[in-house]
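Visitor: In my numbering, the protein residues as written are 1474 to 1822.
Dumping the structure here so I can ask a few things about it.
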């Protein structure tokens, strides 16, 4: 069987290393190039010693990647820099496939991108071509895509449980209130004073309140599902753990729906999905039960008011929230079994 030759641009960050971890177990993939400009020339094991037993290519600059040997590229680069990089990739090799883990191609509307990111998009033709990569919801389009825009971790955690409910008109579109708590790895690996252990341990704080950029992804997907403008309230929290993301979503029921009806709708929507589990009604998911895996757990609980319900969702922000979903999307693009390389169970305790 011919292997799919892949390159990982930005391999020295958390999402890049997570791609290496997952792809090292993939039976149909060969990692041919790893880039990290500031660490170019180093072995991957020098940057991440857990890979010392693997035979991996040395880290190089992006310019040194021999694209003629590459079938698919993962871009795990900082937001704002990926647009020109991907445009150059396609200019050199139009048939190459790209899964982008940055936010640069997630928004289909150029005006929305400019509003949320403060500058015009630099690759408008590619922006219109990109497919938003929530695997379970856009599977058919992803299979035919040349460029997949991997969604954000907060976005995935809220979109998966809420979109089916909006499609079935079971909840009021303007009633959605999301509090989404994420672990420290979501802030990336770059050194930041505010991310030091003594700065964040033994406490919780909100950030990006009223204006977090993942809100734009929620607007895009919620509007499409509801068939109208929606404006969810989204509040992210940073909590002192390495991995994980946990969304607590309060919704107002619509048209006489019940919390049990929401649970039945989600159970039907994700029946047979390999990575999404809807727990028994009233049962609450725990982030520790998905840690290190590509799995998602969703719970539905009735609120004390008859017109409200609480929907909860948890996943690993580095796996299903980033690199695991990227591999899942790669599997769809390449025509592989969707679960290939992603069947590891959660690490517990």
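All C-beta atoms in this analysis are idealised placements derived from N, C-alpha and C, irrespective of residue type, glycine included.
Roughly how many whole angstroms lie between the Cα atoms of residue 1857 and residue 1740?
Guide: What the structure shows of the chain is the stretch from 1474 to 1822, and residue 1857 is not part of that stretch, so it cannot be assessed.
Visitor: Helix, strand or coil for residue 1578 per DSSP?
Guide: Note: residue 1578 maps to coil in three-state DSSP.
Visitor: If we ignore side chains and look at the alpha-carbon of each, how far apart do residue 1802 and residue 1572 end up?
Guide: About 7 Å.
Visitor: Skipping 5 residues on each side, what residues in its chain have a beta carbon closer than 7 Å to that of residue 1696?
Guide: Once the five neighbours on either side are set aside, the close Cβ partners of residue 1696 are 1702 and 1703.
Visitor: In three-state terms, what does DSSP make of residue 1798?
Guide: Correct three-state label for residue 1798: helix.
Visitor: Quick one, which of 1799, 1817 and 1475 has its alpha-carbon nearest residue 1604's?
Guide: Nearest of 1799, 1817 and 1475 to residue 1604, Cα basis: 1799.
Visitor: Between residue 1545 and residue 1598, what straight-line distance do the alpha-carbon atoms span, to the nearest angstrom?
Guide: Computed Cα separation, rounded: 20 Å.
Visitor: Return the chain-ordered ranges of every alpha helix (DSSP H) run that is complete within the region 1715-1802 and spans a minimum of 4 residues.
Guide: Counting whole runs of 4 or more residues, the region 1715-1802 contains the alpha helix (DSSP H) stretches 1732-1742.
Visitor: Does residue 1678 come out as helix, strand or coil in the three-state DSSP assignment?
Guide: Correct three-state label for residue 1678: strand.
Visitor: Do you know how far the Cα of residue 1733 is from the Cα of residue 1773?
Guide: So the alpha carbons of these two residues sit roughly 8 Å apart.
Visitor: Please confirm whether residue 1563 has its beta-carbon closer than 8 Å to some beta-carbon of chain D.
Guide: Checking the listed chains, one finds no chain D in this structure; it contains a single protein chain.
Visitor: Is it true that the region 1516-1534 meets the region 1545-1557, where meeting means three or more beta-carbon pairs spaced less than 8 Å apart?
Guide: No, because fewer than three Cβ pairs between the region 1516-1534 and the region 1545-1557 fall closer than 8 Å, the two stretches do not touch.
Visitor: Between 1589, 1517 and 1613, which has its C-alpha nearest residue 1807's C-alpha?
Guide: Looking at the Cα atoms, 1613 is the closest of the given residues.
Visitor: Nearest to residue 1502 by alpha carbon, out of 1525, 1494 and 1508?
Guide: Minimum Cα distance to residue 1502 is reached at 1494.
Visitor: Taking residue 1476 as the reference, give the member of 1762, 1621 and 1498 with the closest Cα.
Guide: Nearest C-alpha to residue 1476: 1498.
Visitor: Give me the Cα-Cα distance between residue 1626 and residue 1718, rounded to the nearest whole angstrom.
Guide: Distance between the alpha carbons of residue 1626 and residue 1718: 8 Å.
Visitor: When DSSP labels each residue in this structure, what does residue 1636 get in the three-state scheme?
Guide: Residue 1636 falls in the helix class under three-state DSSP.
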